[in-house]
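Enquirer: The structure's right below; bear with me while I get my questions together.
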Amino acid sequence: MAGASLLVLIDDIATILDDVAVLTKVAAKKTAGVLGDDLALNAQQVAGVAAERELPVVWAVCVGSLKNKLILVPAALAISAFIPWAVTPLLMIGGIYLCLEGVEKLAHPWLHSEAEDAAHHAEELAAVADETVDMAAFEAEKIKGAIRTDFVLSAEIIVIALGTVATQPFTTQLTVLAGIGLIMTIGVYGIVAGIVKMDDVGAWLLLKGRGFMKVIGKGLLLAAPKLMKTLTIVGTAAMFLVGGGILSHGIPAVHHGIEHVAEMSGMMSSVVSMSLDAVVGVVAGAVALLGMLAFTAVRGKFKGVQA
Numbered sequence: 201m202a203g204a205s206l207l208v209l210i211d212d213i214a215t216i217l218d219d220v221a222v223l224t225k226v227a228a229k230k231t232a233g234v235l236g237d238d239l240a241l242n243a244q245q246v247a248g249v250a251a252e253r254e255l256p257v258v259w260a261v262c263v264g265s266l267k268n269k270l271i272l273v274p275a276a277l278a279i280s281a282f283i284p285w286a287v288t289p290l291l292m293i294g295g296i297y298l299c300l301e302g303v304e305k306l307a308h309p310w311l312h313s314e315a316e317d318a319a320h321h322a323e324e325l326a327a328v329a330d331e332t333v334d335m336a337a338f339e340a341e342k343i344k345g346a347i348r349t350d351f352v353l354s355a356e357i358i359v360i361a362l363g364t365v366a367t368q369p370f371t372t373q374l375t376v377l378a379g380i381g382l383i384m385t386i387g388v389y390g391i392v393a394g395i396v397k398m399d400d401v402g403a404w405l406l407l408k409g410r411g412f413m414k415v416i417g418k419g420l421l422l423a424a425p426k427l428m429k430t431l432t433i434v435g436t437a438a439m440f441l442v443g444g445g446i447l448s449h450g451i452p453a454v455h456h457g458i459e460h461v462a463e464m465s466g467m468m469s470s471v472v473s474m475s476l477d478a479v480v481g482v483v484a485g486a487v488a489l490l491g492m493l494a495f496t497a498v499r500g501k502f503k504g505v506q507a
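According to our numbering, the stretch in the sequence shown is residues 201 to 507, in order.
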């Protein structure tokens, strides 16, 4: 009897682990849309930091990201346990935020002039070159800003992952959310560390290497800025796909409409479905951006009247 009970226990554990592995894989696929943007944003956050301080800054942000997950995972589990009806609205809010952020990136040239961007970049370069600037304070401000950004992106990842396991037992929810949080943190900041040092490695190989190593060094130097640009483009597209997908699934009429059109397209159904999700994402993001700009304008006028 004892042996049989042990075998049953082992079988149950194996089943739970298998469920966790499958659900973690599904959650990872759904949160991958945030990953590209997360990589690009965090790599950009290190801009302006001295080369020898890039990795310590990335490590500090990584630790801050883990602390964010320690707050967000219990909060998500509490929501699932006590107010499960809030999971879908939170997913919808996260979807709208993703779409808004994507549209803001597309509209950046119209929202911010080249002069503003150039002035901001020049300010960062001047801070690094100026010996009177307290670099410890400068780095601390950079790290705080990156951790704040990470908190929003981590919240999106955890909420999307929660939507995948909302109907599962508590143990499965905890394991999947903790696993996704840890995998995403290690994955994102490990890759970010590689990206920010890519040009340094290329420069070192170009100066110290010989023959083929010099070619690799030159290739890395040329590839670094293109990689950042590609990550930004892929991340933006993924935000529309993921955000639009969340919104379309949350609105039955839209979801059924997309399914119907996708089925009519035959073999291209998955491509059509993804494209329509992206269209939903662009429209939702544009509406959200217009609403935000209108609110900002009204608030500015109201403050002007009070003054």
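Note that beta-carbon positions come from the ideal geometry of N, C-alpha and C, so glycine has one too.
#1: Under 8 Å, with one C-beta from each stretch per pair, do the segment 375-386 and the segment 402-413 reach the 3-pair mark?
#2: Have a look at 426, 257, 394, 286 and flag the residue whose alpha-carbon is nearest the alpha-carbon of residue 344.
#3: Is the segment 277-289 touching the segment 360-373, taking contact as three or more C-beta pairs under 8 Å?
#4: Let me know the secondary structure DSSP gives residue 410 once reduced to three states.
#5: Determine the extent of the alpha helix (DSSP H) in which residue 288 is found, giving its start and end residues.
#6: Counting only the same chain and skipping the five closest in sequence on each side, list residues whose C-beta sits under 6 Å from that of residue 413.
#7: Taking the alpha helix (DSSP H) that residue 267 belongs to, which residues open and close that run?
#8: Which same chain residues end up closer than 6 Å to residue 290 when comparing Cβ atoms and leaving out the 5 residues on each side of it in sequence?
#9: For residue 299 and residue 354, I'd like the C-alpha separation in whole angstroms.
#10: Could you pull out every residue in the same chain whose Cβ sits closer than 8 Å to the Cβ of residue 455, ignoring the five residues on either side in sequence?
#11: Is it the case that the segment 432-449 contacts the segment 417-424, given that we only count it when at least three CB pairs across the two stretches are under 8 Å?
#12: Put residue 369 into one of helix, strand or coil per three-state DSSP.
#13: Taking one C-beta from the segment 458-465 and one from the segment 493-504 each time, how about it: are there three or more such pairs within less than 8 Å?
#14: Report buried or exposed for residue 428, applying the criterion of at least 16 other Cβ atoms within 10 angstroms of its Cβ.
#15: Could you tell me the distance, in whole angstroms, from the CA atom of residue 377 to the CA atom of residue 433?
#16: Please identify the residue among 491, 436, 468 whose C-alpha is closest to the C-alpha of residue 306.
#17: Taking 8 Å as the threshold (C-beta atoms), are residue 347 and residue 261 in contact?
#18: Under a Cβ-count criterion, where at least 16 other Cβ atoms within 10 Å of its own Cβ denotes burial, should residue 464 be classed as buried or exposed?
#19: Less than 8 Å between the beta carbons of residue 294 and residue 446, yes or no?
#20: Taking just the CA atoms, how far does residue 407 sit from residue 466?
#21: Please check if any C-beta of chain C sits within less than 8 Å of the C-beta of residue 358.
#22: When you compare only the Cα positions, how much space is there between residue 511 and residue 486?
#23: Hey, would you say residue 265 sits closer than 8 Å to residue 375, going by beta carbons?
#24: Tell me the rounded alpha-carbon separation between residue 352 and residue 303.
#25: Can you name the start and end residues of the alpha helix (DSSP H) that residue 457 belongs to?
#26: To the nearest angstrom, report how far apart residue 222 and residue 392 are at their CA atoms.
#27: Taking Cβ to Cβ, would you say residue 254 is nearer than 8 Å to residue 397?
#28: Find the nearest neighbour of residue 367 within the set 502, 281, 491, 310, judged by alpha-carbon distance.
#29: Pull up the distance between the alpha-carbon of residue 469 and that of residue 475, whole angstroms please.
Expert: In terms of the structure at hand:
#1: no
#2: 257
#3: yes
#4: coil
#5: 287-311
#6: 405
#7: 254-282
#8: 359
#9: 16 Å
#10: 448, 449
#11: no
#12: coil
#13: no
#14: buried
#15: 27 Å
#16: 436
#17: yes
#18: exposed
#19: yes
#20: 55 Å
#21: Considering every chain present, this structure includes no chain C. It has just one protein chain.
#22: The requested residue 511 is not part of the displayed model; the chain covers only 201 to 507.
#23: no
#24: 17 Å
#25: 452-464
#26: With a pLDDT of only 49 at residue 222, under 50, the local geometry of the prediction cannot be trusted, and no value is derived from it.
#27: yes
#28: 281
#29: 10 Å
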